[in-house]
Amino acid sequence: MKSARSGWFFNILFSGDKESVTQRGIEIAIGRLLTDEEFRETFLSSPHVALGELLQRGTQLSHAEIATLVGIDRTLWVKVADQIDPRLQKVSLKSHTQDPESAPSDGDA
């Protein structure tokens, strides 16, 4: 009989079958590469730094998965991201900042 502590999350983490966990990690990494401009820019300039940030946030990726992501032609990520509707994209505020003085205020009409 399983203890109450053996919930689904505990079972996934400690079952030894990490296929579903790493699949989720790949989905997160690819999703971020295609929809998060700042993450994509970091990945394009330093892929191990970008993927390291995901790992630090708890995303699970195997060494083989990291090597595969790094080995993919980097222009692919930009080409595919350009095809995604901008409403689904997270724009980098670092490269698209607006001068606070030029932003309309609530009193401007």
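Adding 1381 to a residue's 1-based position in the sequence shown gives its number in the working numbering. Heads up, the beta-carbon is just placed ideally off N, CA and C, and yes, glycines get one too.
Q. Are T1423 and L1469 close, meaning C-beta to C-beta below 9 angstroms?
A. Their beta carbons are not under 9 angstroms apart, which means T1423 does not touch L1469 by this criterion.
Q: Quick one: using the 10 Å Cβ neighbour count with 16 as the cut-off for buried, is G1406 buried or exposed?
A: Buried, since its Cβ has 16 or more Cβ neighbours within 10 Å.
Q. Is D1417 helix, strand or coil by DSSP?
A. Residue state, collapsed to three classes: strand.
Q. Which one of E1418, P1428, A1410 has the shortest CA to CA distance from D1463?
A. Cα-wise, what sits closest to D1463 is E1418.
Q: Alpha carbon to alpha carbon, how far is F1420 from H1444? Give it in angstroms, no decimals.
A: Roughly 20 angstroms between the two C-alpha positions.
Q. Which residue's Cα is closest to the Cα of I1447: Q1404, L1414, L1432, S1427?
A. Comparing C-alpha distances from I1447 to each of Q1404, L1414, L1432, S1427 shows the shortest one belongs to L1432.
**Q.** Per-residue DSSP class, three states only, for K1471
**A.** Taken through DSSP and simplified to helix, strand or coil, K1471 comes out as strand.
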